[in-house]
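S.K.: Order-wise, the sequence lines are chains A, B, C, D and E.
Sequential numbering from 1 applies to the first sequence in my numbering.
Sequential numbering from 199 applies to the second sequence in my numbering.
Sequential numbering from 588 applies to the third sequence in my numbering.
Sequential numbering from 782 applies to the fourth sequence in my numbering.
Sequential numbering from 1166 applies to the fifth sequence in my numbering.
Glycine included, C-beta positions come from ideal geometry on N, C-alpha and C.
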Amino acid sequence: MLGVLRGMGITLKNFLASYVLPRRPDSLETGGIVTVQYPEERLPEKENFRNFPFLVFDGTVDNIRCVSCDICAKECPPKCIYIVRDTDSEGKPLKRPKVFDIDFTVCMNCGICEEACPFDAIFMDHEFEIGGPERQKSLVYHRDDLLKSTAHFQKIRPTDFAAIEERRKKDAEKKAAAQATVQAAAQPKPQTPPSPQP
Amino acid sequence: MSPPVLEKTFQASDPVLQDTETFEVNLGPQHPSTHGVFRMNVKLEGETIVSLKPVMGYLHRNHEQIAENMSYLGSMPYTDRLDYFNSMSNNFGYALAVERLAKIDVPERAQYVRVIMAELTRLVNHVSVIGFLLNDLGAFFTPVLYAFREREKILDVFEEVAGSRMMCNYLRFGGVKRDLTPAVTERIKKIVRGFPKFLDEFEGLLTRNEILCIRCQKVGVLPYDLAVNAGITGPMARASGVNYDLRKVDRYSIYDRFKFKIPLGKIGDVYDRYLVRILEMRESLKILEQALKEIPAGPVMNPKFAALAKAPRNFKPPKGEAYGRVEAPKGELGFYLVSDGTAQPWRYHVRAPSLINLTVLEDLCLGHKVADAVIILGSIDIVLGELDH
Amino acid sequence: MNPAEIKTKLESEFPGIPIQIVGEGLLLGPEDLVRVARFLKESGEFKMNYLSSITAVDYLEHLESVYHLYSVDQRTGPVVLRVRVPRDNPRIPSLVHLFRSAEFQEREAYDMMGIRYEGHPDLRRIFMWEGFEGYPLRKDYLPENEDVLEWDDVEWLERHGVTVPAEYKQYAQDLKAAGKEARAERPKPGAEAV
Amino acid sequence: MDPIFVNSKKALLNLFSAFLPDWTVVLVSIFISIGAIMVLGPFTMMYLTWFERKLLGRIQNRIGPNRVGIFGLLQPIADGVKMLTKEDIVPEGADKAVHLLAPIAIVIPSLLVFSVLPFGRNMTAVNLNIGVLFFLAVSATTTLSIFMGAWASRNKFSLLGGMRSVAQLVSYEVPMVLSVVPVILAAGSLSTVDLVESQGGWNGFKWFVFTPWGFTAFITFYLSGVAECNRTPFDIPEGESEIVAGFHTEYSGMKFALWYMAEFMNVFTVSGLTAVLFLGGWQGAPGLPSWAWFFIKTYALVFVMMWFRGTLPRLRVDQLMGLAWKFLLPLTLVNIFVAGLWFFIPDLRWRVGTAVALLGLTFWALMALNRTALPEKRTYEFAE
Amino acid sequence: MSPLVLLVKTGIYLLMALSLLAAVGVVTFRNIFHSALALAGTLLGVAGIYLALRADFLAGVQILLYVGAVVTLILFAIMLTHRLGDPTIPQANKQSGPALAGLLILAALLGSLFLKTNWPVSEAALTPVTVRVLAKALLGEFVFPFEVVSIVLLAALIGAIVIARKD
């Protein structure tokens, strides 16, 4: 009898507390209303939150970092990435994807593509509201749907962005230096400005 | 066939009147309390169970074959989906097996991070299992939602460190994916400090509740011998008094550094299983406190294998085999790996505690009522993702 | 306790028993499995009363069933037992009567690898449905839906000494000949490889 | 303020009597009462669902319905629209006629019992001189409807639910009826109106609940009432975690809504009758009108029922029976005896003393006799 | 005749018709479950007639005991012995001839009694039989038969328990 009464006391306490305590959905305290009224209210986004991947471009949309090396497509555990390399008018392969499809019905947000990419071209997004009316058409994202600017990346994950930019800059300098030495050893040529684009 | 004449049926020996007909019911695959798509083929006499056959495989996706066609790292996110409540401990078990296979060392800090995550997972699992058990008992969602309130706090931590709330995919061979930031450590500390208060509230709501007591006590008693013989592990075995906790037995990772005890039940009924879980949570909190106090600075990834993440296909463990097992919240989670020296495991086998703990379901349920079968199943604590792998 | 010690002990217990050390485990003949397991379980020295895991491995030339035994009381283990059987007639005595934990695991191994555990009280498929044909975890298992079979897979199988039926091969070759672009036209790019 | 409803009905009747023959006025009077109940019943049900969802939400640290209308007040209407537009599924092999009749048949008794509830001073639809008996008898027929629904569905879960329901309802009817007996003894009447009036004013603790036997009867009656409404912790006939939804597993759409309506109307009427029998009905402090007092008391009891639902797990079928037959039944029997003694002993102190002692003794004895069914204390070892 | 009385009379005749129709249903329905339900209908109709005849208490008890308990018990029995609920089992046997003969004899007997009896007609309104009067009669004038009935019921109860006990 006493146990039942004690339990009822606890539920009553929670009932009353829901009127008294302020609503703090993100707090670590016990009691009060803890739910979030989703579309209007949202919890703060965690920086490391990962959802579906996106492709990064520098500055303009033409400047895609992806060189269509196919590593992510090979490493992707559920094999949801499909890449076809672009060719120029003469049929010579170019270092950019012509087709870059990700099937979000298959993708399981594991983030291995991001980890495997040697060119920092693909990252996990925070966007999760991508519902669509039918499976095949609206959830297979093509190259142009996937492209997002570095500014977006910087906005959602500032820490990672800073670290990656740092490293990229260093790599580019190293590369430039190496190139410079190679070129100096060979024959002097008008040097091209070092760009982060391969 | 001519229908029987009524006069004949009025003899006392006639089956029409005598027969206490057994009555076959399929609990599941669509049933509110089979915890997923699981079926119990139950034969009843009145409401008493005379036979019970579990039928499973509705969620079978040949996890093992998927893993055999995948790079070693590629299976890591799939282990999340085994027992989707405890992705961290699944990752832990798999990482342990691969590390044993390829003989990889794990840096100190990463060990601590792993232990912290595994114990947080244990809290998440036990607290929600008790909630679900209470739901099976007929409490209208209140314990579940209280449990989820606390679980949410821990899942927020997981999201912050691993990027995902449930499918963490956080451990890597030779370390973990990302370091804990001081803010996260602080948050975990706060959670650990606040958790006993919640446990007290939870216990106040449940432990001494007479209805819960009479429903759970002396129901589904699992004797010691059967528990050992049937390979029951985890809290379920410990509720029957089997003193076998891999954290103490194998002392894998760095569990030998922490002071904690193993609660053991004496009878092995549903109530013991419930309370052992509560007590285990309190012990886990002790481990967490110690780990958070002692956690050293340093790298979280073995530098030799840090590059591995960049090219999982190049990771080729030497030929051989390894059996790695951890004390997952549900019991002994084992991974048996056979490597043929290529980038894909030749054989990948999961010893799923949910599956093996289910062996005794019929023994526990016989002679009890339908309502008891439901709570016995709830107290065994199965997750269909792992059961059906 | 390392495998060699166990081997000598077992050999002194059962004179003339053929035991081989493979990896960490002891390779037994199927006819010896039950008595060895019973000895390990019941002898005061080993007390291996907890059978943790049973699994089967397809080594192409034979199937192997692997047992991991531990002792709950002495906290020792594992003792790994292996039993090899031919692929075309895989029969191994069941351990269910010694260890209840074998019940579902043997069913699983039967379901996935097709090893018949003789003496098992209820050897049915556990995950696949009744009437399912084939054993999915065998390396030569070919799914009914040949859509999934790509040329790479055929090559892989043949490298491992599995003969692939001609029509599958033909299909995979056609698929390859049609090229990546052709496959891109299909509704789910890349998804079939799962 | 108090006789507002009574006066408005009178005014309406006066209006009609001006131009209608006398016998139609009688009919109009009847139809006004029926109409009031027909509106009140479903309306109560609608807002009880809202009330329950809000309350459970608050207990569980969430808000509850808040999307439709302010505070989610239009939620019941949205639910109603949904229920009406939902497909009505009749399982193949079901007994279609009975399947259709069952939910209709269960609403009728639930509505009928409204007619004997005194909602306020002079606010009883029919002052039957067997009011309480009528209430009990009519609510006993719900068993039949549940049975019809369970059997007609051709579903094993329904059948199990039906069997459980019948066993439970038949068992709890006994302590329920027996716990009313002391009250009838005290009031000397079965009429609900007389029962309320015999409980005096609002001061001086004249309500039956303030006597030892009245308190015991209150508890037993309320518990049995909770069981009769199939509410937690006695909701085994529809225990969702065990038998899906029990007898209404195979119902959808409006038929399902009718089951629900009956359940919630029963919650209201049982609470109302408890208030009438033990808490002085519409008696209360003069500041508020009498009907307000009735509703306050009734809703307080409804609140407790929902609070039960928010807290307690469900009993098992045999424990439920055990509670009814091994605990409540002997207790109510002794209680009748105690109530008889109460009127026999003239001295106040003596009769309170005897009653409390007897009831306490019975309680203790029953606890001791049912020892095996009570929880035991557990201890746990901690291994290193 | 005032319209109200007419209404009430119509009501009573409707109730009688309901009882009789349901009673016919009890014996003619193929499905025993339906028969049991029809029995409940009959009993409810009878209760309604009691109510109309100002025997409130009797009506209440009729519903409580017959509909609430007896029919439920019958249904419970049907449900527990599944095969009795099977519509293929006939609910009638081949003895309808003798039964009809018995019925005719009974009808003749009752009819003769009806004819013989002198039915007094009173113009005064019916006074409802209150519980108080009933109680006084049961515990005063008829206390002996009342107690005898209780003892018989008790004996039946104990007997039922003894039979139901398996061991």
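Can you tell me where the beta strand (DSSP E) holding residue 607 of chain C begins and where it ends?
M.R.: 607-609
S.K.: Given a cut-off of 9 Å on the beta-carbon distance, is the pair residue 952 of chain D and residue 1056 of chain D in contact?
M.R.: Their beta carbons are not under 9 Å apart, which means residue 952 of chain D does not touch residue 1056 of chain D by this criterion.
S.K.: Just the Cα atoms here: how many angstroms apart are residue 709 of chain C and residue 636 of chain C?
M.R.: 22 Å
S.K.: Which residues does DSSP list as the beta-bridge partners of residue 499 of chain B?
M.R.: B:373
S.K.: Residues of chain B with CB closer than 8 Å to the CB of residue 11 of chain A, please, in chain order.
M.R.: 340, 403, listed in chain order.
S.K.: Count the other CB atoms within 10 Å of the CB of residue 660 of chain C; is the residue buried (16 or more) or exposed (fewer)?
M.R.: exposed
S.K.: Between the alpha carbons of residue 531 of chain B and residue 553 of chain B, how many angstroms are there, rounded?
M.R.: 10 Å
S.K.: Would you say residue 1159 of chain D reaches chain B, if we count a Cβ-Cβ gap shorter than 9 Å as a contact?
M.R.: yes
S.K.: Would you call the CB atoms of residue 291 of chain B and residue 503 of chain B closer than 9 Å?
M.R.: no
S.K.: Going by DSSP, what residue range makes up the beta strand (DSSP E) through residue 518 of chain B?
M.R.: 518-526
S.K.: By the criterion of Cβ-Cβ separation under 8 Å, what are the contact partners of residue 638 of chain C in chain B?
M.R.: Within chain B, the residues near residue 638 of chain C are 429.
S.K.: Please classify residue 303 of chain B as buried or exposed, where buried requires at least 16 neighbouring CB atoms within 10 angstroms.
M.R.: exposed
S.K.: Decide if the segment 399-418 of chain B is in contact with the segment 1152-1160 of chain D; the criterion is three or more beta carbon pairs, one per stretch, under 8 Å apart.
M.R.: By the Cβ rule, the segment 399-418 of chain B counts as touching the segment 1152-1160 of chain D, because three or more pairs are nearer than 8 Å.
S.K.: Name the chain A residues that come within less than 8 Å of residue 359 of chain B, Cβ to Cβ?
M.R.: 48
S.K.: Residue 841 of chain D touches chain B at which residues, Cβ-Cβ below 8 Å?
M.R.: 339, 340, 343, 344
S.K.: So if DSSP puts residue 642 of chain C in a beta bridge, which residue, or which two residues, is it bridged to?
M.R.: C:653
S.K.: Would you say the segment 1002-1019 of chain D touches the segment 939-956 of chain D, given that touching needs at least three Cβ pairs under 8 Å?
M.R.: yes
S.K.: Would residue 897 of chain D and residue 973 of chain D be called neighbours here (beta carbons separated by less than 9 Å)?
M.R.: yes
S.K.: Within 9 Å (strictly less), CB to CB, does residue 569 of chain B reach chain D?
M.R.: yes
S.K.: Alpha helix (DSSP H) containing residue 862 of chain D: first to last residue?
M.R.: Element bounds for residue 862 of chain D: 856-866.
S.K.: From residue 56 of chain A to residue 268 of chain B, what does the alpha carbon distance come to, in whole angstroms?
M.R.: 27 Å
S.K.: Take residue 1090 of chain D and list the residues in its own chain whose beta-carbon comes closer than 6 Å to its own, dropping the five residues that flank it on each side.
M.R.: 1013
S.K.: Would you say residue 530 of chain B faces chain C, with C-beta separation under 9 Å as the test?
M.R.: yes
S.K.: Under the three-state reduction of DSSP, which class applies to residue 1161 of chain D: helix, strand or coil?
M.R.: coil
S.K.: Compute the Euclidean distance between the alpha carbons of residue 21 of chain A and residue 33 of chain A, then round it to the nearest angstrom.
M.R.: 8 Å
S.K.: Rounded to the nearest angstrom, what separates residue 733 of chain C and residue 742 of chain C at their Cα positions?
M.R.: Confidence at residue 733 of chain C is low in this model, with a pLDDT of 47, below 50, so the placement of that residue should be treated as unreliable; the coordinate-derived value is given next. Looking at the two C-alpha atoms, the distance is approximately 15 Å.
S.K.: Please determine if the segment 1030-1047 of chain D and the segment 348-364 of chain B are in contact, where contact requires at least 3 C-beta pairs separated by less than 8 Å.
M.R.: no
S.K.: Anything in the segment 993-1011 of chain D with a Cβ closer than 7 Å to a Cβ of chain A? List those residues in chain order, please.
M.R.: none
S.K.: Which class does residue 544 of chain B belong to by DSSP, given the choice of helix, strand or coil?
M.R.: strand
S.K.: Quick one: list the residues of chain A neighbouring residue 409 of chain B, beta-carbon separation under 7 Å, in chain order.
M.R.: 4
S.K.: Flag this pair as yes or no: are the beta carbons of residue 241 of chain B and residue 223 of chain B separated by less than 9 Å?
M.R.: yes
S.K.: Using CA coordinates, which residue listed in C:678, C:685, C:693, C:690 is at the minimum distance from residue 634 of chain C?
M.R.: C:685
S.K.: Tell me which residues share the same chain as residue 981 of chain D and place their Cβ nearer than 6 Å to its Cβ, disregarding the 5 neighbours each side in the sequence.
M.R.: 987
S.K.: Based on DSSP bridge pairs, tell me the residues matched to residue 462 of chain B.
M.R.: D:1162
S.K.: Anything in the segment 498-527 of chain B with a Cβ closer than 8 Å to a Cβ of chain C? List those residues in chain order, please.
M.R.: 518, 519, 521, 523
S.K.: Given this structure, state the Cα-to-Cα distance separating residue 750 of chain C from residue 177 of chain A, to the nearest angstrom.
M.R.: 54 Å
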